[in-house]
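In our numbering, the protein residues as written are 6 to 275. Think of the CB as a built atom: it goes at the ideal place given N, C-alpha and C, for glycine as much as any other residue.
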């Protein structure tokens with residue numbers, strides 16, 4: 006009797022655990038895992054076993070700090086399940102992370118939450134954070150700009166469909182260029198790159214023109230997604246390099262050559 010009373014209060018009741026092979030996932034890909042349901046000290050009847058994909062974000066600071074969340078999907082993994090003390094069973098789940106999912110930052114992210122709904126008892130819950138990162142194709146463009154063209158990253162945002170990157174120009178380009186901003190998005194089988202070059206002002210006329218944005222030059226390109234992925238589905242900077250190098254050439258800048266290994270292998274990565 007005391008065991009059953011304790012189970013009603015959540016002590017010795019059935020429990021759930023969550024297992025995620027990987028807690029990091031690209032936008033637009035699947036996150037898969039399993040829920041483990043284990044019996045408690047007494048026999049119980051679990052009405053539902055569910056898995057939910059949640060998005061959360063925080064706005065404001067101090068007293069104005071607000072926490073927001075939104076459930077994107079719920080999966081019912083089991084219903085009306087008798088659970089004895091020695092019971093243990095796994096239930097697999099799979100969620101699709103949206104193509105425009107906000108990327109995980111310090112104040113925003115994603116979670117998988119699982120729950121065993123137990124009548125006349127405290128429901129058992131577990132959760133696991135997910136680190137959502139930009140599409141692999143977007144990372145290929147970002148890494149080619151950072152590692153191959155030697156631009157220095159300053160900041161980035163990934164809360165919307167477009168991922169924004171801001172770079173400082175490398176020292177060898179500083180005579181003509183202050184920096185570069187990229188807005189990158191994925192549409193169907195293409196990656197759209199919107200580049201904004203912040204040119205160096207060298208004369209008084211150019212400095213005055215910068216007040217109305219005359220020092221900015223905007224150029225857009227599209228790149229087939231297949232060119233930006235390795236055989237393993239990981240980012241392939243070698244595929245992005247020729248496109249980004251051509252952007253620099255269009256504004257009169259000679260880009261640095263690709264790494265020697267890439268020149269000799271034709272840009273293959275795995």
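Residue interval of the beta strand (DSSP E) (run including residue i)
| i | result |
| --- | --- |
| residue 87 | 71–88 |
| residue 244 | Premise fails: residue 244 lies in the alpha helix (DSSP H), 242–255, not in any beta strand (DSSP E). |
| residue 44 | Segment: none, residue 44 is in no beta strand (DSSP E) and carries neither H nor E. |
Cβ-heavy atom distance, residue i to the ligand GDP, below 7 Å
| i | result |
| --- | --- |
| residue 39 | In terms of ligand content, the structure shown is empty, and the ligand GDP therefore cannot be addressed. |
Contact belief for residue i with residue j at Cβ below 8 Å, rounded distance in angstroms
| i | j | result |
| --- | --- | --- |
| residue 171 | residue 184 | 7 Å |
| residue 56 | residue 41 | Not a contact, Cβ separation roughly 12 Å. |
| residue 118 | residue 132 | 4 Å |
| residue 141 | residue 238 | 6 Å |
| residue 249 | residue 154 | 6 Å |
| residue 101 | residue 35 | 6 Å |
| residue 187 | residue 146 | 7 Å |
| residue 37 | residue 99 | 4 Å |
| residue 120 | residue 191 | Residue 120 to residue 191, Cβ: 33 Å. No contact. |
| residue 33 | residue 104 | 4 Å |
| residue 195 | residue 229 | 6 Å |
| residue 260 | residue 253 | 4 Å |
| residue 87 | residue 48 | 7 Å |
| residue 182 | residue 204 | 6 Å |
| residue 27 | residue 127 | The Cβ separation is near 30 Å, so there is no contact. |
Beta bridge counterpart(s) of residue i as assigned by DSSP
| i | result |
| --- | --- |
| residue 195 | 192 and 229 |
| residue 258 | Looking at the DSSP assignment, residue 258 forms no beta bridge with any residue, so it has no partner. |
| residue 203 | 184 and 221 |
| residue 48 | Partner(s): none; residue 48 has no beta bridge. |
| residue 20 | 43 |
| residue 239 | DSSP lists no partner for residue 239. |
| residue 234 | 240 |
| residue 60 | 75 and 115 |
| residue 53 | 84 and 122 |
Residue i (DSSP reduced to helix, strand or coil)
| i | result |
| --- | --- |
| residue 33 | coil |
| residue 65 | coil |
| residue 25 | coil |
| residue 264 | coil |
Min CB distance residue i to chain C below 8 Å
| i | result |
| --- | --- |
| residue 42 | Of the protein chains in this structure there is only one, and it is not chain C. |
Open item on the list: Just to confirm the assignment: which complete alpha helix (DSSP H) runs, minimum length 4, are found wholly within the stretch 90–172?
Closed with: Qualifying alpha helix (DSSP H) stretches, in chain order: 141–148.
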